[in-house]
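Student:
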Amino acid sequence: MASVHESLYFNPMITNGVVNANVFGIKDWVTPYKILILTLLYEMSTTKPMALLDRRRLNKLILPLQQGLDLTLEQFLKKLEESCFRLVIAVKLRLFMIANGELEDMEHFFTILPHAFSDSEAFKTSVVGLFVRQMLLAYNKLSFSQVYKLYKSLQLYWHSEDQSELSALPAEDMELTSNEEPNADHIDELHTSSLYQSELRSDKTGGPLSQKQAEYFLARQVYLLKNDENKALSPAKLQYEHNNILKFNPDFAEAHYLSYLNSMRVQDIYISTHSLLHYFDRLILSRTKRKNNGDESYGRSLRYAVLNLATLHCRFGHYQQAGLALQEAIWIAQEANDHVCLQHCLSWLYTLEQMKGSDSVVLTEDSVKIAAHFCLPYLASLGIQSLVQQGAKQGMPANKLLDALRGTNIMHWKQSLSELIEISLAQTTSIWRMYGKSTMSRQQAQLLLNMNSLEQVNFGVQQNNTEAFAVTLCHLAELHADQGLYDVVGDIMKHLKQQFPPHTQHAKLWMLCDLKIQFEKAMNDGKYHLAEPHVTAISALNSTEGLYRKAQLLKALNRPSEASKILQHLHQQYEKSKNTVMIIRVMLASAELHWDSSGFATALPLLLQALALSRQHNLQSMASEAVLHLAFTQLMLGIPEQALVLVQDVLESVLAHGALIDKGRALLLAARCQMALAGIAAQEHKLSAMELIVDTLDEAAVYFSRLDCKERMRDVYYLQAHLHHTLGNISQRNKCAMLFRLLDQELPASGITVVNRL
């Protein structure tokens, strides 16, 4: 199921999706890229006859260009060309005149720049006007040597062929408050360092970031890491940008939090812990300097610092350290009487108990009550969803669980909690699939994938690529694989790989899903040598899933003793974690081992226990599978009448919601039961009964052929050949016998014609 606590990692920088990044002490300076923006603004002001649509597109483009990272000339002109092609020529001509002229040409441009906005009220009040005034003030504060350096950088910016030497004057050169001319050697050293760093950048940006650029960059990357990690910078590039920000702005505390989020992507516990502690240390210092109530600011930051440290240990599986950090956060919050922080601590406390495999229902219920009392709908809804998830595992009635989710969904829509709506739909998809209702599961999955996000669209992100979407797409892939639609599965996996690349935090979901599908396909095809590498890969992602697949493979390879040891070990593990679905699967697999070793009668207690557990937890698909196992056992014990009754009881459910392999197996078992009954039936009813059996086998063959399950097809052809021989259909008998022989030669010898298996 989707994790309902992915969003519980408290982010003190984000409030309703807005990054509260207060950057102090960062000076603004003139760079070649900003001269290019000034050129664009100048041409827009002096070019009067401009189409209204072009001007609107340019107005939307100005702010991202102004606040974003420095672009190369090629990148800038490409963006400008998409908005207004006619203005590109004017901007290039103006920049050409400045860069290829003398120093006085650049001086002349800054002299005439204010006149273009003299009659505009926007020059005094707008963001663009503030930017132009800042650039003019910064330029007027420069010494002659600094102006000359800027002029040379502009020439390099214009004449660079590969645009890889984009440079900017360092912050020390461009300080607005600098009244003394710095040492020339120091300027050259800093300028060379800036050039070298810019050449190292793969995204071709260079130089230190101004205040607005740093804030915009931080807001963009945090938003993308939260909503669409694929569009954010790669971990290496983002870490480089982080280092570049801190090099010129060491007091920028929020940059350390960005480094913490980035380190979590690559599971680097050392850097993530280091960055998290640095963030809160510097945040406390900056708040103490800026506010009179420094003690309250210090205490609040300290509380959430310890809480974030606890969540960090939870994500890395350090449960003991997480528990100690949570206790400390609770003590500090109690001393400060901070109920909101206490509620966050309680939410993580029951989450930690769930991670350790303990029963946390009481803690979760207390958390929901307290969150509702203090009007914290977000945490209350998370608690209800966690209770639903635990209730589904513990066998609560389905109607109560779905009613609880429906009630929370009403609150989500009223409060516009888009993230919780996604989690709820993904959880409903998982619950319906666990209950064996594949049609309802597909419906909920499609509802989530076609839902428009309620969150504000920023930075071109149209849809949240969160864990909920990854889980839902994996469910769809497995449901399509169950129906033999492997081409569709390939398309879904291709989309998952694009949206969640291997370096992202949710990539393990589709990796594990893909490996399980490939394993099941290889097992259905009887290609056990292809299934073995998949077992190793699955074990690397999930050890218990890998053990279960290994037991399946060993059982298919006729190595029952090794498979039995693994199944016993798995049964103990799943009993501790209370994973009911896997407990039932292990019981059914153990019963199949009893068929091959100690006899069919010894498998009955296990099968009856599995059936009772399935019905107790409302697991219809698992109950149907247990009934089919019981029917096969009764058939082999010589009770075909009772076996056929059991098959017919669950046949409708299997055909409606089951996978193709389950449908084929159920029909094949029904045909074998009918054959056993036809053998003892009267002569006048035998022929009609055999014709009905042939039709049943034909339908089973359709399902097996879609899956290309050759072993099952061989069994079907063997039975059909016997039936046609009895009915006197010589041509049909010969055809089925020939097909059986071809498959028997292709597949490994089993020793018997129809294997003793379901």
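Taking the working numbering, the leading residue of the sequence shown gets 1077, the next gets one more, and so forth. For glycine and all other residues, C-beta sits at the position ideal for the given N, C-alpha and C.
Just to confirm, is the Cβ distance from Ala1214 to Val1342 under 7 Å?
Tutor: No, the pair does not count as a contact, with Cβ atoms beyond the cut-off.
Student: Kindly confirm or deny that the segment 1547 to 1563 and the segment 1579 to 1590 touch, where touching means at least three C-beta pairs closer than 8 Å.
Tutor: They touch, by the three-pair rule.
Student: Taking the Cβ atom as the reference point for each residue, do Tyr1859 and Leu1736 lie within a distance shorter than 7 Å?
Tutor: No information on residue 1859 is available, as it lies outside the stretch 1077 to 1834 that the chain covers here.
Student: According to DSSP, is Asn1600 part of a helix, a strand, or is it coil?
Tutor: Asn1600: helix per DSSP, three-state reduction.
Student: How do the segment 1720 to 1727 and the segment 1681 to 1690 stand: do at least 3 beta-carbon pairs fall below 8 Å, yes or no?
Tutor: Output reads no: the segment 1681 to 1690 does not touch the segment 1720 to 1727.
Student: Between the Cα of Ala1290 and the Cα atoms of Pro1326, Glu1305, Pro1311, which residue gives the shortest distance?
Tutor: Answer by Cα proximity: Pro1326.
Student: Kindly list the residues whose CB is nearer than 7 Å to the CB of Glu1608, restricted to its own chain and excluding five residues on each side of it in sequence; keep chain order.
Tutor: Same-chain partners within the cutoff: Leu1629.
Student: Does the separation of the CB atoms of Cys1390 and Leu1428 fall below 7 Å?
Tutor: The answer is yes: Cβ separation under 7 Å.
Student: Could you tell me if Gly1433 is buried or exposed, where buried requires 16 or more neighbouring beta carbons within 10 angstroms of its beta carbon?
Tutor: Under this definition Gly1433 is an exposed residue.
Student: Which same chain residues end up closer than 6 Å to Glu1701 when comparing Cβ atoms and leaving out the 5 residues on each side of it in sequence?
Tutor: Counting only Cβ-Cβ distances below 6 Å, and skipping sequence neighbours, we find nothing.
Student: According to the Cβ coordinates, are Leu1646 and Tyr1624 closer than 7 Å?
Tutor: The answer is yes: Cβ separation under 7 Å.
Student: Measuring CA to CA, which of Leu1334, Gly1471, Phe1186, Ile1174 is closest to Ser1690?
Tutor: When only C-alpha atoms are compared, the closest one is Gly1471.
Student: Flag this pair as touching only if the segment 1494 to 1509 and the segment 1458 to 1468 have three or more C-beta atom pairs under 8 Å; answer yes or no.
Tutor: Touching, yes, given that three or more Cβ pairs across the two stretches are closer than 8 Å.
Student: On the three-pair Cβ rule with 8 Å, is the segment 1405 to 1419 touching the segment 1447 to 1456?
Tutor: Short answer: they touch.
Student: Look up Glu1498 in the DSSP assignment and say whether it is helix, strand or coil.
Tutor: Three-state DSSP puts Glu1498 in a helix.
Student: My guess is that Arg1885 and Gly1560 are in contact by the Cβ rule of under 8 Å, so how many angstroms apart are they, rounded?
Tutor: Any answer about residue 1885 is impossible in this case: the structure gives the chain only from 1077 up to 1834.
Student: Using a Cβ-Cβ cutoff of less than 8 Å, which residues in the same chain neighbour Ser1208 once the five nearest sequence positions on both sides are dropped?
Tutor: What sits at residue 1208 in the sequence shown is Val, not Ser. Here the set comprises Leu1114, Leu1117, Leu1189, Pro1190, Phe1193, Phe1199.
Student: Within the continuous alpha helix (DSSP H) that includes Ser1674, where are the two ends?
Tutor: Per DSSP, Ser1674 belongs to no alpha helix (DSSP H) and is neither H nor E.
Student: On a CA-only basis, which of His1354, Asp1590, Ala1312, Glu1441 is nearest Asp1567? Give me that one, please.
Tutor: That would be Asp1590, whose Cα lies nearest to the Cα of Asp1567.
Student: What did DSSP end up calling Glu1119 once you bin it into helix, strand or coil?
Tutor: Residue state, collapsed to three classes: helix.
Student: I need the boundaries of the alpha helix (DSSP H) containing Val1464, first residue and last residue.
Tutor: That run of the alpha helix (DSSP H) goes 1453 to 1470.
Student: Tell me whether Arg1635 is buried or exposed, calling it buried when 16 or more other Cβ atoms sit within 10 Å of its Cβ.
Tutor: When all chains shown are included, Arg1635 counts as exposed.
Student: Can Val1437 and Ala1456 be called in contact, C-beta distance under 7 Å?
Tutor: Cβ atoms of Val1437 and Ala1456: not closer than 7 Å.
Student: Inspect the beta-carbon positions of Met1698 and Ile1660 and report whether they are closer than 7 Å.
Tutor: For Met1698 and Ile1660, yes; Cβs fall inside 7 Å.
Student: Evaluate Ser1270 with the Cβ neighbour count: other Cβ atoms within 10 Å of its Cβ, from every protein chain shown; 16 or more gives buried, anything less gives exposed.
Tutor: In this prediction, Ser1270 has a pLDDT of 35, which is less than 50 and means its spatial position is unreliable; what the coordinates show is noted afterwards. Ser1270 is buried by the Cβ-count criterion.
Student: Can the beta-carbon of Leu1749 be found closer than 7 Å to that of Leu1706?
Tutor: For clarity, residue 1749 is Cys in the given sequence; the question names Leu instead. No, the Cβ-Cβ distance between Cys1749 and Leu1706 is not below 7 Å.
Student: Decide if the segment 1519 to 1526 is in contact with the segment 1489 to 1496; the criterion is three or more beta carbon pairs, one per stretch, under 8 Å apart.
Tutor: The segment 1519 to 1526 vs the segment 1489 to 1496: no contact.
Student: Excluding the 5 residues preceding and the 5 following Phe1595 in the sequence, name in chain order all residues of the same chain whose CB lies nearer than 6 Å to its CB.
Tutor: Excluding positions up to five away in sequence, the list reads Ala1607, His1610, Arg1625.
Student: Using DSSP with H/G/I as helix, E/B as strand and the rest coil, what is Ser1377?
Tutor: Helix, per DSSP.
Student: At what residues does the alpha helix (DSSP H) containing Tyr1749 begin and finish?
Tutor: One detail in the question is off: residue 1749 reads as Cys in this sequence, not Tyr. Counting along the chain, the alpha helix (DSSP H) containing Cys1749 begins and ends at 1736 to 1755.
Student: Leu1795 and Ala1747 look like a contact to me (Cβ under 8 Å); what is the Cβ gap, rounded to whole Å?
Tutor: That pair is a contact at about 7 Å.
Student: Give the straight-line distance between the Cα atoms of Leu1226 and Met1182, rounded to the nearest whole angstrom.
Tutor: Going by the C-alpha atoms only, they are around 10 Å apart.
Student: Quick check: His1693 and Ala1679, are their CB atoms within less than 7 Å of each other?
Tutor: No; because the gap between Cβ atoms is not below 7 Å, this pair is not in contact.
Student: Measuring CB to CB, does Ala1405 end up less than 7 Å from Arg1379?
Tutor: A contact, by the Cβ cut-off of 7 Å.
Student: Between Gly1734 and Ala1776, how many whole angstroms is the CB-CB distance? I'm expecting something under 8 Å.
Tutor: Rounded, the Cβ-Cβ distance is 13 Å, inconsistent with contact.
Student: Can you tell me the Cα-Cα spacing of Thr1387 and Leu1572, whole angstroms?
Tutor: Those two C-alpha atoms are separated by around 27 Å.
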